[in-house]
Amino acid sequence: MRKILDLYQTTIGKKLVMASTGVVLLLFVLGHMFGNLKIFYGEEKFNHYAEWLRVMGAPLLGPTQGLWLARLVLLGCVLLHMFTALQLTILSYQAREVGYQKQHRITFSYASTTMRWGGVVILAFVIFHLLHLTFGSVHPKFVAGSVYANVINGFKVWPVAVGYLVAQAALGFHLYHGVWSGLQTFGIAGDRRQGDWRRPLSVVTALIVVVGYSALPISVMAGWLK
Amino acid sequence: MLINLTLHVWRQKGPKDNGRFVTYPALQINTHMSFLEMLDVVNEQLMEKGEEPIAFEHDCREGICGSCGVMINGLPHGPNPMTATCQLHMRYFKDGDEIWIEPWRAKAFPVLRDLVVDRSAFDRIIQSGGFISANTGNAPEANAMPIPKQIADRSMDAAVCIGCGACVAACPNASAMLFTSAKVTHLGLLPQGQPERYERVQRMIARMDQEGFGNCSNHGSCEAACPVGIKVDFIARLNRDLLKAKLCGAGTPSAV
Ligand code: HEM
Ligand code: FES
């Protein structure tokens, strides 16, 4: 623990916290996406999967214990991720008190400049999303337990569906830079003169996530899912 | 060929002065001149009129000392990649161009005067790295210590850093990670640098943070701005060394 706190004192240590929590969140995002795609197997199978989430870990864990464990870990990661992002952003502003009159963007990618605001968009989405499909408080026809119907009826409201798509785009940008940047922070890099495998990896990750999540709202809007 | 330009130059009397942009015409500029020679011409004209010349730092004028960096139209060292300001020729500009010339902007690089900033924070990062253990006396036989060619080359790739500060100037976070990573790497790759390798990286990072540079968010602007082509691969290597030192105790007896 002392070693971790010592490392956290450095700016690199803070970045390592962002990268590690990012990995956990990415694993969740991928798992959640594969889970969501079960909706294409039909109402029964999808609701059965949603039911499994509540009994996950049985018989070792009691009902919803596994779910709550996952929720706690995710919440912890989100808070740490945000908190270090905020700390580092403040440090960056302090490091350049007077800006330039003219400055050209010469970063490797546009995505890297969207991390802070993109992260805020994703956070806003997650909050909305929980109110929408977990608690149902902003859902027009929410029925607890009828997960399939909740998703279909939820995305029939097209502004909501479009909002989900916009959020996925923000997430895609976040991952395009995040995956590459995280590997760099962990010190995982070869010799870029011999090609950088991390770029294709981040493109593929971002694409899988964007396509996988967007499939639901698009399919509902197009009437493929009823 | 001769061209006429309009310069918007940052003028600041001293560290305490607020500073402002002042517009000067730069007339009849020979395109074979370097950017600094163009400033020399403008300064001659200013002095003839009894005005203070524009202060800018320069020394070697051949791209190796690292003192001449300024922000030119929003790009460190100007529009030509892999070129220091002193090596930038005026043929990269067109007749009638407007050129904004600003000093590096970073809290750790306070402006001393006009375009001159204090880069001694870089010196203190290097100093904090300390010594490498080396035998004194006669120079050792050059081939006594075998070093694979690729490693020697890679170390030289890092050692070409001229410490100009363009990486800090370009970075949206005013981070000094590219510079520090180059300095950590060129010794860290060689056998002579091994005894103090993990000590050194910890001390240099602590100093870098203390000087008030920002964090590295892996934008890559530094690599694009670097006049000698230092790559962000060295930053990954620096992170790796720090991680090994801090978490695995690399370089301490407990890790042996
Ligand atoms: C098209 C996109 C998405 C759909 C259709 C979707 C659907 C759902 C549904 C139906 C639930 C409730 C599961 C249940 O309680 O049985 C849920 C939970 C959750 N979603 Fe999503 N989701 C999407 C995208 C995302 C994204 C991109 C994130 C975050 C990056 C996210 C974060 C969460 C979280 C944190 C939960 C867990 C809430 C809990 O504690 O139960 N979702 N999602
Ligand atoms: S004056 Fe020495 S590098 Fe430009």
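Protein sequences, first through last, are from chains A and B. To get my numbering, take the position in the first sequence, counting from 1, and add 163. To get my numbering, take the position in the second sequence, counting from 1, and add 328. Heads up, the beta-carbon is just placed ideally off N, CA and C, and yes, glycines get one too.
Could you work out which residue in B:V560, B:C554, B:F459 is closest to S296 of chain B when comparing CA atoms only?
-> Examination of residue 296 of chain B is not possible in this model, given that chain B is present from 329 through 584 alone.
Limits of the beta strand (DSSP E) - the one that I331 of chain B falls within = Position 3 of the second sequence, counted from the start, is the residue given in the question as residue 331 of chain B. Per DSSP, the unbroken beta strand (DSSP E) holding I331 of chain B starts and ends at 330-339.
Is there at least one Cβ from chain A nearer than 8 Å to N471 of chain B's Cβ?
-> To locate residue 471 of chain B, count along the second sequence from 1; it is residue 143. N471 of chain B does not count as touching chain A.
How should R234 of chain A be labelled, buried or exposed, when 16 other C-beta atoms within 10 angstroms of its C-beta is the threshold for buried?
-> Residue mapping note: residue 234 of chain A aligns to position 71 of the first sequence, counting from 1. Classification for R234 of chain A: exposed.
Rank B:W428, B:M366, B:D368, B:F384 by C-alpha distance to the C-alpha of G342 of chain B and give the top, closest one.
-> Translated into the one-based positions of the second sequence, residue 342 of chain B becomes position 14. If we check each option's Cα against that of G342 of chain B, B:F384 comes out closest.
So who's on the other strand from P404 of chain B, going by DSSP bridges?
-> As a working mapping, residue 404 of chain B is identified with position 76 in the second sequence. DSSP lists B:M399 as partners of P404 of chain B.
Applying a beta-carbon distance threshold of less than 9 Å, which residues of chain B neighbour K178 of chain A?
-> Locating residue 178 of chain A in the first sequence gives position 15, where the first residue counts as 1. Per Cβ cutoff of 9 Å: N543, C544, S545, N546, N567.
Are any of the Cβ atoms in chain B nearer than 8 Å to that of Y273 of chain A?
-> Here residue 273 of chain A refers to the residue found at position 110 of the first sequence. With 8 Å as the cut-off, Y273 of chain A does not count as an interface residue toward chain B.
Note down, in chain order, each residue of its chain lying with its Cβ closer than 7 Å to the Cβ of R362 of chain A, except the 5 sequence neighbours on either side.
-> Residue 362 of chain A sits at position 199 when you count from the first residue of the first sequence. If we look at R362 of chain A and ignore the five residues flanking it on each side, its Cβ neighbours are W343.
Should T174 of chain A be labelled buried (16 or more other beta-carbon atoms within 10 Å of its own) or exposed?
-> For this step, residue 174 of chain A is matched to residue 11 along the first sequence. T174 of chain A comes out buried.
Extent of the continuous alpha helix (DSSP H) to which T252 of chain A belongs = By 1-based counting over the first sequence, the position of residue 252 of chain A is 89. 228-258 is the span of the alpha helix (DSSP H), which, as asked, contains T252 of chain A.
Considering only C-alpha positions, which residue in the set A:L249, A:M196, A:V261 is nearest to T368 of chain A?
-> The sequence position of residue 368 of chain A within the first sequence is 205, counting from 1. Of the candidates A:L249, A:M196, A:V261, the one whose C-alpha sits nearest the C-alpha of T368 of chain A is A:M196.
Does the Cβ-Cβ distance between V556 of chain B and V529 of chain B come in under 8 Å?
-> For this step, residue 556 of chain B is matched to residue 228 along the second sequence. For this step, residue 529 of chain B is matched to residue 201 along the second sequence. Not in contact: V556 of chain B and V529 of chain B (Cβ atoms no closer than 8 Å).
Using only the heavy atoms of ligand 2, determine whether one of them is closer than 7 Å to the beta carbon of G391 of chain B.
-> In the second sequence, residue 391 of chain B corresponds to position 63, counting from 1. Because some heavy atom of ligand 2 lies under 7 Å away, the Cβ of G391 of chain B counts as near it: yes.
With a threshold of 7 Å, establish whether the CB of G491 of chain B neighbours any heavy atom of ligand 2.
-> Reading the second sequence from its first residue, position 163 is the one you call residue 491 of chain B. No - ligand 2 has no heavy atom lying nearer than 7 Å to the Cβ of G491 of chain B.
Of all the CB atoms in chain A, is at least one closer than 8 Å to the CB of R348 of chain B?
-> Start at 1 with the first residue of the second sequence, and residue 348 of chain B comes out as number 20. Closer than 8 Å: no.
Option in B:C576, B:N408, B:F437, B:V488 with minimal Cα separation from C393 of chain B | Taking the second sequence and counting its residues from 1, one reaches residue 393 of chain B at position 65. It is B:V488.
What are the start and end residues of the beta strand (DSSP E) that includes Y263 of chain A?
-> Your numbering for residue 263 of chain A matches position 100 in the first sequence. Per DSSP, Y263 of chain A belongs to no beta strand (DSSP E) and is neither H nor E.
First through last residue of the alpha helix (DSSP H) which encompasses Q538 of chain B | Residue 538 of chain B sits at position 210 when you count from the first residue of the second sequence. Where Q538 of chain B is concerned, the enclosing alpha helix (DSSP H) stretches over 525-538.
Comparing the CB of H386 of chain B with every heavy atom of ligand 2, is any distance shorter than 7 Å?
-> In the second sequence, residue 386 of chain B corresponds to position 58, counting from 1. Yes, the Cβ of H386 of chain B comes within 7 Å of a heavy atom of ligand 2.
Where does E430 of chain B land, buried or exposed, given buried means 16+ other C-beta within 10 angstroms?
-> Here residue 430 of chain B refers to the residue found at position 102 when the second sequence is read from its first residue. Buried, because 16 or more other Cβ atoms sit within 10 Å of the Cβ of E430 of chain B.
Take the Cβ of C492 of chain B as the centre, count every other Cβ of all protein chains shown within 10 Å, and call the residue buried at 16 or more, exposed below.
-> The count along the second sequence starts at 1 and reaches residue 492 of chain B at position 164. Counting of Cβ neighbours within 10 angstroms places C492 of chain B among the buried residues, the total reaching 16 or more.
Can you tell me which of the three DSSP states P519 of chain B falls into?
-> The count along the second sequence starts at 1 and reaches residue 519 of chain B at position 191. In the structure shown, P519 of chain B sits in a helix (DSSP, three-state: H, G or I).
Just checking my contact of A553 of chain B with A498 of chain B at CB under 8 Å: how many whole Å lie between their CB atoms?
-> Residue mapping note: residue 553 of chain B aligns to position 225 of the second sequence, counting from 1. Residue mapping note: residue 498 of chain B aligns to position 170 of the second sequence, counting from 1. The beta-carbon separation of A553 of chain B and A498 of chain B, rounded to 4 Å, stays under the 8 Å limit for a contact.
Taking 7 Å as the cut-off, is the CB of T413 of chain B close to at least one heavy atom of ligand 2?
-> Taking the second sequence and counting its residues from 1, the one referred to as residue 413 of chain B is at position 85. Yes, the Cβ of T413 of chain B comes within 7 Å of a heavy atom of ligand 2.
With S275 of chain A and S545 of chain B assumed to form a contact (beta carbons below 8 Å), what rounded beta-carbon distance in angstroms separates them?
-> As a position in the first sequence, residue 275 of chain A is number 112, starting the count at 1. As a position in the second sequence, residue 545 of chain B is number 217, starting the count at 1. With 8 Å as the limit, S275 of chain A and S545 of chain B qualify as a contact, their Cβ atoms being about 7 Å apart.
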